[in-house]
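Colleague: In terms of this note's numbering, the sequence shown opens at residue 68 and continues consecutively. Cβ atoms here follow ideal geometry from the backbone N, Cα and C, with glycine treated the same way.
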Amino acid sequence: MSPQLNMWKANYPIPGIKPAGPGTGCQKRYLLLCNDSRGFTLLELLISLVMIGAIALIATGAMRLGLRTVSAGEKRIDHLERIRASFTIIDSQIQSQIPLSYEEQGERKYYFQGNRGSLQLATNYSLWGGQKGYVLVRYKVESDDTGKQLLSISENIIGMTGNRESKLFRSADAIHFEYFFKDPTEEEGRWVEAWTDMANIPGKIKLHLLYGEKDISMIIPLRTAGTLSQTMPNRAIDKQGISEKKGK
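1) First and last residue of the beta strand (DSSP E) that includes ALA189?
2) Excluding the 5 residues preceding and the 5 following SER108 in the sequence, name in chain order all residues of the same chain whose CB lies nearer than 8 Å to its CB.
3) Would you call the stretch 250 to 269 in contact with the stretch 134 to 141, where contact means no fewer than 3 C-beta pairs closer than 8 Å?
4) From the DSSP output, read off the bridge partner residues of MET285.
5) In chain order, what residues of the same chain lie with their CB nearer than 6 Å to the CB of GLN187, ignoring the 5 residues before and after it?
6) Between the C-alpha atoms of GLU222 and MET130, what's the straight-line distance to the nearest angstrom?
7) Assuming GLU222 is part of the beta strand (DSSP E), what are its boundary residues?
8) Are LYS281 and GLU245 touching if we call contact CB-CB under 8 Å?
9) Taking the alpha carbon of ASN182 as the point to measure from, which residue in PRO288, MET285, ASP264 and MET227 has its own alpha carbon closest?
10) Residues in the same chain with beta-carbon distance under 8 Å from LYS215, minus the five sequence neighbours each way, listed in chain order, please.
11) Could you tell me the alpha carbon to alpha carbon distance between ASP145 and ALA152, rounded to whole angstroms?
12) With burial defined as no fewer than 16 other Cβ atoms inside 10 Å of the residue's Cβ, what is the status of PRO269: buried or exposed?
13) Roughly how many whole angstroms lie between the Cα atoms of SER185 and ILE220?
14) Between SER193 and the rest of its own chain, which residues show a CB-CB distance below 7 Å, the 5 nearest in sequence each way excluded?
15) Tell me where the beta strand (DSSP E) around ARG257 begins and ends.
16) Going by the DSSP bridge assignment, what does TRP262 pair with across the sheet?
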């Protein structure tokens, strides 16, 4: 104990408290007068380490959750953007549909065909652009290795060889087409899953995309709806390209 502290205790004694004698050590009731030089105990260190570890674990979990949320949001935006772009392509091609016909063994047939899982039509809008000419477009619903469905598209310039293929939709639970049929004798039309009227084309086509319980559908009107012989009666395609057929 320092001489200054002993002098202070001698001059200003505290009632009821005896100064610590030589060799007596620092007791609890003399804490105000003694220097406490004790460090952290092992239990206190363990508690501190556990608290620091818990805080670090919570912070790490929050950061991982935030990163997963951001990543999921970006994937969702990319997925919706792909759907929007694919719908735009299909809408442009179907609305640009041209009721072309071709000759096969002396019989006139039309390129337009449609059922639940596929659609074929002639159009002047190509997904790839480039060379001018009428394009034969085929959409087909296919399944991938996981059992999900996708919509493939293939194009070729009519009268020329060579196809180009791509995928417009992926990882859908179900994809299918419907066609609006209206009989002249009926006041209201109805949606059918296969187009069997070879003398007419539908007024509208509906494309369904099912993701879980969510049905994303798009109704596309055809600009040349009606009787094929009325929309373009004199245009036919032969194997060499486009030729004019009159009196048909």
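Modeller: Let me spell this out:
1) Where ALA189 is concerned, the enclosing beta strand (DSSP E) stretches over 185 to 190.
2) In the sequence as displayed, the identity of residue 108 is Thr instead of Ser. So the list is empty, once near-sequence residues are dropped.
3) no
4) MET285 is bridged by DSSP to LEU274.
5) GLN180 and ARG205
6) 47 Å
7) 216 to 224
8) Result no, Cβ atoms of LYS281 and GLU245 do not sit closer than 8 Å.
9) For ASN182, the nearest C-alpha among the options comes from ASP264.
10) Once the five neighbours on either side are set aside, the close Cβ partners of LYS215 are ARG237, SER238, ALA239 and ASP240.
11) ASP145 and ALA152 have their C-alpha atoms some 11 Å from each other.
12) PRO269 is buried by the Cβ-count criterion.
13) 10 Å
14) VAL202 and GLU222
15) Per DSSP, ARG257 belongs to the beta strand (DSSP E) from 257 to 259.
16) In DSSP, TRP262 forms a bridge with GLY181.
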